[in-house]
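**Q**
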Amino acid sequence: MSISSNRRRLATFLAVAAGLLGPDVAAAAEEAVVIPPPAIDEAAGSGTQTAIFAGGCFWGVQGVFQHVKGVESAVSGYAGGTAKTAQYEIVSTGSTGHAEAVEVKFDPKQVSYGRLLQIFFSVAHNPTQLNHQGPDRGTQYRSALFVLDPQQRKVAERYIDQLDKAHVFPRPIVTKVSETTGFYPAEAYHQDFLTLNPTYPYIVYNDLPKIENLKSLFPADYRSQPVLVGKTRG
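Laid out in structure tokens, this is it:
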């Protein structure tokens, strides 16, 4: 297993901090924002649909969507660059054009694209942070939506405009909406990382609060048993 040196150092720091400050150190790591649903949404179609979200480290974003009812799979990976550079250590340089992203396949009759956007903006990440999320810095941690069709673009762009005009966040949303040029699954050791490593300091401090926020703010959409990549791949 390989984890970037920055994340290793952060994990060590958080482990020490947790020991000094106690278990409540994680409580304020992520603060969810209550936001309205999108005024317009995609009509519920038939068959599985796909959406791609980038919101910082993919461990937490994947973990959130794996706990959403109607999501059939959530795979950590890379989007925005080329297949040649879709490798973690290369992406971590911040020079590839890739963002750490999560490809979500979902049943639109159970959960809509608009609802996934609401969860993404509310609990999965902070859409007002430019080229970073929490402790992670670099363009690979940017907030982005990689849309697969014109309707997704319309829903995403209008929702961002709606939220900005409502001033639900203290700063403007910086999430970029662009067409997908390909999604490349991340290495196996990154998949299901939150579920498989619940005591890892980075997860405890940065990501487990997101799951609690999902459960609290979206109880009708929350499921306790996540849909894991390992299981969906057999």
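Read left to right, the sequence shown gives residues -28 to -1, 1 to 206 (mature numbering (1 follows the signal peptide of the UniProt record, and there is no 0)). Beta carbons are placed, not taken as given, at the ideal position from N, Cα and C, and that holds for glycine.
#1: Let me confirm a value: Ile132 is counted as buried when at least 16 other C-beta atoms fall within 10 Å, else exposed. Which label applies?
#2: For Val199 versus Val43, is the C-beta distance shorter than 8 Å?
#3: Taking the straight line between their C-alpha atoms, what separation do you get for Asp(-5) and Asp108?
#4: May I have the straight-line CA-CA distance separating Lys126 from Tyr161, to the nearest angstrom?
#5: Who are the Cβ neighbours of Ala26 in its own chain at under 6 Å, not counting the five residues just before and after it?
#6: Assign Ser64 to one of three DSSP states: helix, strand, or coil.
#7: With DSSP as the reference, label Phe37 as helix, strand or coil.
#8: Taking only runs of the beta strand (DSSP E) that begin and end inside the segment 114 to 165, which ones reach a length of at least 3 residues, in chain order?
#9: Do you know offhand how far Ile7's Cα is from Thr54's?
#10: Here's the rule I'm using: 16 or more other beta-carbon atoms within 10 Å means buried, otherwise exposed. How should Gln105 be labelled?
#11: Count Cβ pairs between the segment 79 to 94 and the segment 32 to 51 that sit closer than 8 Å; are there 3 or more?
#12: Would you call the segment 149 to 159 in contact with the segment 185 to 196, where contact means no fewer than 3 C-beta pairs closer than 8 Å?
#13: Name the one or two DSSP bridge partners that Gly27 has.
#14: Quick check on the burial criterion: 16 or more other C-beta atoms within 10 angstroms. Buried or exposed for Gly202?
#15: On the DSSP letters alone, give me the boundaries of the beta strand (DSSP E) that Glu75 sits inside.
#16: Assuming contact is defined by CB atoms lying nearer than 8 Å, are Gly32 and Leu166 in contact in what I supplied?
#17: Going by the beta-carbon positions, is the gap between Ala46 and Phe37 smaller than 8 Å?
#18: My output table needs one value for Ser188: the three-state DSSP class, helix, strand or coil.
#19: Which one of Val95, Gly69 and Ser64 has the shortest CA to CA distance from Tyr194?
#20: Since Glu163 contacts Ser48 with CB under 8 Å, what's their CB separation in whole angstroms?
#21: Pick from Gly86, Val5, Thr147 and Asp179: whose alpha carbon is nearest that of Ala15?
#22: Assuming Pro144 and Asp136 make a contact with CB atoms under 8 Å, what is their CB distance in whole Å?
#23: When you compare the CB positions of residue 207 and Leu120, do they come within less than 8 Å of one another, or not?
#24: Sorted by chain position, which residues of the same chain lie with C-beta nearer than 6 Å to Thr57's C-beta, five sequence neighbours on each side aside?
**A** By the coordinates alone:
#1: Counting Cβ neighbours within 10 Å, Ile132 comes out buried, since at least 16 surround it.
#2: Note that the C-beta distance between Val199 and Val43 is below 8 Å.
#3: Note that Asp(-5) scores 41 on pLDDT, short of 50, meaning its location in the model is unreliable and no value can be drawn from it.
#4: Looking at the backbone, the Cα of Lys126 and that of Tyr161 are separated by about 35 Å.
#5: Hits under 6 Å: Ala71, Ala73 and Ala116.
#6: Annotated three-state conformation of Ser64 is coil, per DSSP.
#7: Note: Phe37 maps to helix in three-state DSSP.
#8: Correct list: 115 to 119, 148 to 151 and 155 to 157.
#9: If you take the alpha carbons of Ile7 and Thr54, they lie about 34 Å apart.
#10: The residue is buried, with at least 16 neighbouring Cβ atoms inside 10 Å.
#11: The segment 79 to 94 is in contact with the segment 32 to 51.
#12: The segment 149 to 159 vs the segment 185 to 196: no contact.
#13: Answer by DSSP bridge pairing, in chain order: Ser115.
#14: Answer is exposed; the Cβ neighbour count stays below 16.
#15: Counted as a single uninterrupted DSSP element, the beta strand (DSSP E) harbouring Glu75 occupies residues Ala71 to Phe78.
#16: Yes, they are a contact pair.
#17: In this structure, Ala46 lies near Phe37, with their beta-carbon atoms less than 8 Å apart.
#18: Ser188 falls in the helix class under three-state DSSP.
#19: Of the listed residues, the one whose Cα sits closest to Tyr194 is Val95.
#20: Before going further, note that residue 163 is Gln rather than Glu in the sequence given. That belief holds up - the Cβ atoms of Gln163 and Ser48 are roughly 6 Å apart, short of 8 Å.
#21: Proximity to Ala15 across Gly86, Val5, Thr147 and Asp179 peaks at Gly86, based on C-alpha coordinates.
#22: At roughly 6 Å, the Cβ-Cβ gap stays under 8 Å, so Pro144 and Asp136 are in contact.
#23: Lying outside -28 to 206, the shown extent of the chain, residue 207 is not represented and no answer is given.
#24: Counting only Cβ-Cβ distances below 6 Å, and skipping sequence neighbours, we find Thr68.
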